[in-house]
Amino acid sequence: MHNFEVVIGIENHVELKTKTKMFSKGPVSYDAPANTMVNIMDMGYPGAMPTVNKQGVALALLACQALNLEIDPIVQFDRKNYYYPDLAKGFQITQQYFPIGKNGFLTILDENNQPLNIEIERLHIEEDTAKQLHLADKTLLDYNRAGIGLIEIVTRPVLRSAYQAKKYVEALREILLYLNVSDAKMNEGSLRCDVNISLRPLGSNQLGNKVEIKNLNSINNVEKAIEFEIKRQSQIILSGGVVEQETRRFDEKTKETVLMRKKTDATDYKYFSEPNIFPIKLDETWITKILASAPELPNQKRQRYREEYHLKESDIEVLLQDYDLMNFFEASVKNNSNYEMVANYLIGDISAYLNAKNITIKETKLTPANLSEMIDLIVKNIISTKQAKTVLTHILTTDVKPEILVAKLGLKQITDPQEIINIITPVIENNLAMLTQYDERPERVIKFFMGELMKLTKGQVAPEIGQQVVLELITKKKNT
Numbered sequence: 095m096h097n098f099e100v101v102i103g104i105e106n107h108v109e110l111k112t113k114t115k116m117f118s119k120g121p122v123s124y125d126a127p128a129n130t131m132v133n134i135m136d137m138g139y140p141g142a143m144p145t146v147n148k149q150g151v152a153l154a155l156l157a158c159q160a161l162n163l164e165i166d167p168i169v170q171f172d173r174k175n176y177y178y179p180d181l182a183k184g185f186q187i188t189q190q191y192f193p194i195g196k197n198g199f200l201t202i203l204d205e206n207n208q209p210l211n212i213e214i215e216r217l218h219i220e221e222d223t224a225k226q227l228h229l230a231d232k233t234l235l236d237y238n239r240a241g242i243g244l245i246e247i248v249t250r251p252v253l254r255s256a257y258q259a260k261k262y263v264e265a266l267r268e269i270l271l272y273l274n275v276s277d278a279k280m281n282e283g284s285l286r287c288d289v290n291i292s293l294r295p296l297g298s299n300q301l302g303n304k305v306e307i308k309n310l311n312s313i314n315n316v317e318k319a320i321e322f323e324i325k326r327q328s329q330i331i332l333s334g335g336v337v338e339q340e341t342r343r344f345d346e347k348t349k350e351t352v353l354m355r356k357k358t359d360a361t362d363y364k365y366f367s368e369p370n371i372f373p374i375k376l377d378e379t380w381i382t383k384i385l386a387s388a389p390e391l392p393n394q395k396r397q398r399y400r401e402e403y404h405l406k407e408s409d410i411e412v413l414l415q416d417y418d419l420m421n422f423f424e425a426s427v428k429n430n431s432n433y434e435m436v437a438n439y440l441i442g443d444i445s446a447y448l449n450a451k452n453i454t455i456k457e458t459k460l461t462p463a464n465l466s467e468m469i470d471l472i473v474k475n476i477i478s479t480k481q482a483k484t485v486l487t488h489i490l491t492t493d494v495k496p497e498i499l500v501a502k503l504g505l506k507q508i509t510d511p512q513e514i515i516n517i518i519t520p521v522i523e524n525n526l527a528m529l530t531q532y533d534e535r536p537e538r539v540i541k542f543f544m545g546e547l548m549k550l551t552k553g554q555v556a557p558e559i560g561q562q563v564v565l566e567l568i569t570k571k572k573n574t
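When we follow the numbering used here, the leftmost residue of the sequence shown carries the number 95, and every step to the right adds one.
Given below as structure tokens:
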């Protein structure tokens with residue numbers, strides 16, 4: 095890196111998972127028709143008074159606890175004043191001076207797989223702005239998003255690589271998702287990421303000129319944008335130039351950052367205390383109750399999956415990457431102790447089906463009870479794993495009990511040794527020449543008779559029992 099040190103700080107805006115907006119009764123809906131989810135407060139009508147969303151504060155508290163932040167029990171709001179089309183009121187209600195959380199950290203694993211604490215400076219509550227849609231010659235505004243509750247989470251400039259930034263955003267997203275604080279969908283804008291990046295000579299304590307990369311909409315783009323910006327800034331410095339303080343965006347097509355605007359002076363937002371919301375002292379008992387209700391965090395799940403379910407690390411990671419799949423796994427193993435089989439089906443055949451159809455597990459007819467019952471039928475030798483594939487294709491698209499399907503489709507395995515003896519004995523009698531090869535090529539002989547057995551029964555013989563019967567009959571015949 096030409097003796098430069100990379101200095102990165104990250105700001106994340108997170109939409110809170112509430113039914114109504116942060117300071118009004120306006121409903122929250124991601125895909126509603128434009129401008130149908132607004133009310134007088136969101137639109138800045140004169141005389142409209144804000145009210146604080148209690149659930150929004152509760153979700154902020156859960157995030158504070160998970161990120162090891164000091165919680166301020168007195169909730170105070172400020173006005174951030176600026177005029178822009180996406181801000182109907184002409185100001186944003188935020189927490190400039192008294193964030194609800196400060197001085198925390200989030201632990202990630204660095205490039206050497208070592209724990210690294212990423213210091214978090216603050217977490218504050220605010221409201222979202224309207225959504226802009228830029229066309230060729232005009233900009234359209236959808237005020238549905240205006241007023242939705244946000245938390246902004248700001249790190250200190252302690253990240254030192256694109257890899258660390260990626261791992262931090264991954265870990266943050268996972269926590270927010272598992273706490274049910276937010277949907278945390280970067281592609282839908284419920285988790286947004288701005289990156290501040292500068293370079294400085296190794297050993298220097300002075301920060302270089304900061305470039306902000308706005309609105310990164312995927313974790314991969316966070317990494318790619320930073321990697322490009324490191325190259326761009328290092329080339330400027332090495333050629334004798336000066337990196338200018340500016341705001342840039344990431345172009346997905348060219349994989350480059352593009353100038354949006356130069357930054358000259360810091361904008362003066364003329365903050366002052368929000369006059370229509372008095373400071374609110376949170377009851378200690380209520381805070382304790384909210385924090386005690388926190389769902390299990392991802393790292394706690396990892397440990398439990400290792401110790402209780404004895405799953406492989408790679409399987410654990412695949413399950414935890416998909417929140418819906420993880421919830422399905424948890425519901426399935428409540429009534430089924432074949433943990434590994436449940437995980438294997440979810441990660442293997444079921445995930446393959448979901449990927450091919452480009453859907454989530456919620457969009458199928460599959461239920462945890464039906465998956466669990468199908469696995470029980472395999473374990474009890476009622477159906478084979480091959481027959482289970484047929485059952486699975488049906489229970490993914492229809493909510494029918496596997497036991498009923500097995501009877502209806504005639505899939506029940508033949509497990510009675512006497513029935514198998516009756517089927518395979520004539521085959522052995524008609525192929526005595528094969529038995530002479532047994533001493534030299536036992537595998538070939540067994541494979542031949544098992545193949546004939548499966549043909550005659552359309553694959554319905556339980557393989558283990560079938561093989562055992564075939565072996566016994568071959569041994570018996572050879573010894574007579």
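From the three backbone atoms N, C-alpha and C, an ideal C-beta is built for every residue, glycine too.
(request) Taking Asn197 as part of the beta strand (DSSP E), name the residues at either end of that continuous run. (result) Residue numbering aside, residue 197 sits at position 103 when the sequence shown is read from its first letter. Looking at the DSSP string, the run of the beta strand (DSSP E) that includes Asn197 is 195 to 203.
(request) Would you tell me roughly how many angstroms separate the C-alpha atoms of Gln512 and Val427, rounded to the nearest one? (result) Locating residue 512 in the sequence shown gives position 418, counting from the first residue. Locating residue 427 in the sequence shown gives position 333, counting from the first residue. Their backbone Cα atoms lie some 35 Å apart in a straight line.
(request) Would you grab the beta carbon distance between Ile212 and Leu181 for me? Rounded to a whole angstrom, and I think it's under 8 Å. (result) By one-based count along the sequence shown, residue 212 stands at place 118. By one-based count along the sequence shown, residue 181 stands at place 87. Contact doesn't hold; Cβ gap of about 31 Å is too wide.
(message) Judging by CA-CA distance, which residue of Arg343, Asn147, Leu271, His218 is the nearest neighbour of Val122?
(response) As a first step, residue 122 is located in the sequence shown; it is residue number 28 there, counting from the start. The shortest C-alpha separation from Val122 is found at Asn147.
(request) Look at the alpha carbon of Thr484 and the alpha carbon of Ile518, and state the distance between them as a whole number of angstroms. (result) By one-based count along the sequence shown, residue 484 stands at place 390. By one-based count along the sequence shown, residue 518 stands at place 424. The alpha-carbon atoms of Thr484 and Ile518 are separated by roughly 25 Å.
(request) Return the residue from the list Glu566, Met528, Asp510 that minimises the CA-CA distance to Thr551. (result) Indexing the sequence shown from 1 puts residue 551 at position 457. Minimum Cα distance to Thr551 is reached at Asp510.
(message) Give me the residue from Leu235, Lys364, Gly560, Val336 with the minimum Cα distance to Ile576.
(response) A query on residue 576 cannot be resolved here, the shown segment of the chain reaching from 95 to 574 and no further.
(request) Check whether the stretch 104 to 122 touches the stretch 137 to 156, taking contact to mean three or more Cβ pairs, one atom from each stretch, closer than 8 Å. (result) yes
(request) Can you check DSSP and say which residues form a bridge with Pro121? (result) If you number the sequence shown from 1, residue 121 lands on position 27. DSSP lists Thr114 as partners of Pro121.
(message) On the criterion of 16 or more Cβ atoms from any shown chain inside 10 Å, does Pro392 qualify as buried, or is it exposed?
(response) Sequence index remark: in the sequence shown, residue 392 carries index 298 (1-based). Burial call: buried.
(request) Give every residue of the same chain whose Cβ lies closer than 7 Å to the Cβ of Arg538, excluding the five residues on either side of it in the sequence, and list them in chain order. (result) Against the sequence shown, residue 538 aligns to sequence position 444. Within the same chain, Arg538 has close Cβ partners Gln531.
(message) Less than 8 Å between the C-beta atoms of Glu350 and Ile313, yes or no?
(response) Counted from its first residue, the sequence shown places residue 350 at position 256. Counted from its first residue, the sequence shown places residue 313 at position 219. Not closer than 8 Å, so no.
(request) Identify, in the order they occur along the chain, each residue of the same chain with its Cβ nearer than 6 Å to the Cβ of Leu460, setting aside the five sequence neighbours on each side. (result) Indexing the sequence shown from 1 puts residue 460 at position 366. So the list reads Ile489, Leu490, once near-sequence residues are dropped.
(request) Please report how far the alpha carbon of Tyr417 lies from the alpha carbon of Lys279, in whole angstroms. (result) Here residue 417 refers to the residue found at position 323 of the sequence shown. Here residue 279 refers to the residue found at position 185 of the sequence shown. Looking at the two C-alpha atoms, the distance is approximately 12 Å.
(request) Please report how far the alpha carbon of Tyr439 lies from the alpha carbon of Tyr403, in whole angstroms. (result) Taking the sequence shown and counting its residues from 1, the one referred to as residue 439 is at position 345. Taking the sequence shown and counting its residues from 1, the one referred to as residue 403 is at position 309. Computed Cα separation, rounded: 15 Å.
(message) Measuring straight from C-alpha to C-alpha, what distance separates Ile102 and Lys260?
(response) To locate residue 102, count along the sequence shown from 1; it is residue 8. To locate residue 260, count along the sequence shown from 1; it is residue 166. Taking the straight line from one Cα to the other gives about 11 Å.
(message) Considering only the alpha carbon of each residue, which of Ile498, Glu321, Val289 lies closest to Asn464?
(response) In the sequence shown, residue 464 corresponds to position 370, counting from 1. For Asn464, the nearest C-alpha among the options comes from Ile498.
(request) Taking only the alpha-carbon atoms, compute the straight-line gap between Gln415 and Glu566 and give it to the nearest angstrom. (result) Translated into the one-based positions of the sequence shown, residue 415 becomes position 321. Translated into the one-based positions of the sequence shown, residue 566 becomes position 472. Distance between the alpha carbons of Gln415 and Glu566 is about 48 Å.
(message) Going by DSSP in three states, Arg250 sits in which element: helix, strand or coil?
(response) Sequence index remark: in the sequence shown, residue 250 carries index 156 (1-based). Arg250: coil per DSSP, three-state reduction.
(request) Just the C-alpha distance for Ile540 and Val494, rounded to the nearest angstrom, thanks. (result) Reading the sequence shown from its first residue, position 446 is the one you call residue 540. Reading the sequence shown from its first residue, position 400 is the one you call residue 494. One C-alpha to the other measures close to 37 Å.
(request) Enumerate in chain order the residues of its own chain whose CB-to-CB distance from Leu296 is below 8 Å, with the five nearest sequence positions on each side excluded. (result) The count along the sequence shown starts at 1 and reaches residue 296 at position 202. Excluding residues within five positions, the ones whose Cβ falls inside 8 Å are Asn97, Phe98, Glu99.
(message) Which same chain residues end up closer than 7 Å to Tyr237 when comparing Cβ atoms and leaving out the 5 residues on each side of it in sequence?
(response) By one-based count along the sequence shown, residue 237 stands at place 143. Answer for Tyr237: Asn129, Val132, Asp136, Met137, Ala182, Ala224, listed in chain order.
(request) Please confirm whether Gln189 and Gln170 have their CB atoms less than 8 Å apart. (result) In the sequence shown, residue 189 corresponds to position 95, counting from 1. In the sequence shown, residue 170 corresponds to position 76, counting from 1. Cβ distance < 8 Å, so Gln189 and Gln170 count as in contact.
(message) Comparing C-alpha positions only, which one of Asp443, Ser445, Asn432 sits nearest to Lys474?
(response) For the purposes of this step, residue 474 is taken as residue 380 along the sequence shown, with counting starting at 1. Out of Asp443, Ser445, Asn432, Asn432 has the C-alpha closest to the C-alpha of Lys474.
(request) Compare the Cα-Cα distances from Met116 to each of Ile371, Glu534, Lys549 and report the closest residue. (result) Against the sequence shown, residue 116 aligns to sequence position 22. For the residues Ile371, Glu534, Lys549, the minimum Cα distance to Met116 belongs to Ile371.
(request) Find the nearest neighbour of Ile472 within the set Thr361, Ile444, Val436, Ile441, judged by alpha-carbon distance. (result) Taking the first residue of the sequence shown as 1, we reach residue 472 at position 378. If we check each option's Cα against that of Ile472, Val436 comes out closest.
(message) Tell me which residues share the same chain as Arg173 and place their Cβ nearer than 7 Å to its Cβ, disregarding the 5 neighbours each side in the sequence.
(response) In the sequence shown, residue 173 corresponds to position 79, counting from 1. Taken in chain order, the residues that qualify are Phe185, Ile187, Tyr365, Phe366, Glu368.
(message) So, at 7 Å on beta carbons, what are the nonlocal neighbours of Glu220 in its own chain, with the 5 sequence-adjacent residues on each side left out?
(response) Numbered from its first residue, the sequence shown carries residue 220 at position 126. Hits under 7 Å: Gln186, Ile187, Thr188, Gln189, Leu244, Glu246.
(request) Determine the extent of the alpha helix (DSSP H) in which Ser408 is found, giving its start and end residues. (result) One-based indexing of the sequence shown puts residue 408 at position 314. Element bounds for Ser408: 407 to 415.
(message) Just to confirm my understanding: we take Asn274, look at its own chain, exclude 5 residues before and 5 after, and list those with CB closer than 7 Å. What are they?
(response) For this step, residue 274 is matched to residue 180 along the sequence shown. If we look at Asn274 and ignore the five residues flanking it on each side, its Cβ neighbours are Lys111, Pro389.
(message) Quick check on Ala154: buried or exposed, where buried means 16 or more other Cβ atoms within 10 Å of its Cβ?
(response) Locating residue 154 in the sequence shown gives position 60, where the first residue counts as 1. Ala154 comes out buried.
(message) Let's see if you can read the secondary structure: which residues bound the beta strand (DSSP E) around His218?
(response) Your numbering for residue 218 matches position 124 in the sequence shown. 209 to 221 is the span of the beta strand (DSSP E), which, as asked, contains His218.
(request) Between the Cα of Tyr191 and those of Asp166, Phe199, Glu205, Pro209, spot the shortest distance and give me the residue it belongs to. (result) Counting from one through the sequence shown, the residue named residue 191 turns up at place 97. Ranking the options by Cα distance to Tyr191, first place goes to Asp166.
(request) Take Lys304 as the anchor and find which of Leu310, Ile320, Asn525 has the nearest alpha-carbon. (result) Counted from its first residue, the sequence shown places residue 304 at position 210. Answer by Cα proximity: Ile320.
(request) Would you tell me roughly how many angstroms separate the C-alpha atoms of Gln562 and Ile453, rounded to the nearest one? (result) Along the sequence shown, one-based indexing puts residue 562 at 468. Along the sequence shown, one-based indexing puts residue 453 at 359. So the two alpha carbons sit approximately 42 Å from each other.
(message) On a Cα-Cα basis, can you pick out the residue from Gly302, Ser284, Arg286 that is closest to Ser292?
(response) Position 198 of the sequence shown, counting from 1, holds the residue named residue 292. It is Gly302.
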